[in-house]
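Participant: If you read the sequence shown in my numbering, its first letter stands for residue 16, the second for the next number, and so on. Glycine included, every Cβ here is placed at the ideal spot set by N, Cα and C.
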Amino acid sequence: MTIQPFWVNVNEPTLRQGDYLPQCLVPVFGPNFDGDTDIQDVQVNEFDLIIVTQSCDLENKKARLVAMIPIYPISEFEKINPAFAKKGRWNDVLKGRVEGLHMLASPTNPANNREALVVDFREIYSLPYDYLVKHSTELGSRWRLRSPFLEHFSQTFARFFMRVGLPSTIPEFK
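Listed below in structure tokens is the structure:
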């Protein structure tokens with residue numbers, strides 16, 4: 016079976032939904048952040064992120080802040096979440112059975128599932144549009160999700176957020 020490439024390589028300052036931006040600096044507020052007006056230290060972490068803000072909002076400059084989701088190589092995700100190193104766990108994610116996670120093929124070796132990337136919808140960061148344009152320009156060449164993989168990614172993100180938990184349900188038929 017031939018695996019179609021999920022990604023296209025781009026080198027432009029334009030931001031789009033599905034752009035993979037490595038090494039983004041993200042401020043992370045610790046538990047002692049109290050919102051006081053005094054100067055406070057804020058930790059800054061580096062993450063590889065993928066844009067989830069709609070391309071039309073980015074193109075029309077309707078988003079001052081851009082929504083981003085962490086994206087990890089499987090091996091890195093397993094270090095943070097050792098339970099995923101168990102046999103069969105990635106097949107559950109691949110089939111959409113693990114809430115909040117989505118898999119994308121490797122940009123450089125799509126046929127090797129161990130080089131796939133995992134997106135964690137459970138964490139969302141918002142970064143300034145202007146920072147991301149500058150960062151993407153400094154990166155030069157980067158990866159962007161291709162259609163229909165972009166639409167599938169976007170749909171999975173939307174399904175994660177449109178879930179509704181009910182307090183009860185109709186009893187099962189017996």
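Alpha carbon to alpha carbon, how far is Tyr-146 from Ser-169? Give it in angstroms, no decimals.
Facilitator: 23 Å
Participant: For a minimum of 3 consecutive residues, which ranges assigned as the beta strand (DSSP E) are wholly contained in the region 75-147?
Facilitator: 80-88, 116-119, 132-135 and 140-143
Participant: Among Gln-55, Ser-70, Arg-174 and Asn-75, which residue has its Cα nearest to the Cα of Arg-161?
Facilitator: Ser-70
Participant: Does the region 77-90 come into contact with the region 135-146, if we say contact requires no fewer than three beta-carbon pairs (one atom in each stretch) closer than 8 Å?
Facilitator: yes
Participant: Taking just the CA atoms, how far does Lys-189 sit from Val-67?
Facilitator: 43 Å
Participant: Quick check on DSSP: helix, strand or coil for Val-53?
Facilitator: Residue identity check: residue 53 is Asp in the sequence provided, not Val. Coil.
Participant: Which of the three DSSP states, helix, strand or coil, is assigned to Leu-73?
Facilitator: Correct three-state label for Leu-73: helix.
Participant: Check whether the region 82-99 and the region 55-63 are in contact - that is, three or more C-beta pairs closer than 8 Å.
Facilitator: yes
Participant: Measure the alpha-carbon distance for Trp-105 versus Glu-114 and round it to whole angstroms.
Facilitator: 12 Å
Participant: Ends of the alpha helix (DSSP H) at Leu-30?
Facilitator: Element bounds for Leu-30: n/a, residue is neither H nor E.
Participant: Quick check on the burial criterion: 16 or more other C-beta atoms within 10 angstroms. Buried or exposed for Leu-40?
Facilitator: Burial call: exposed.
Participant: Have a look at Gly-33 and Ala-98 and give me their C-alpha separation to the nearest angstrom.
Facilitator: 27 Å
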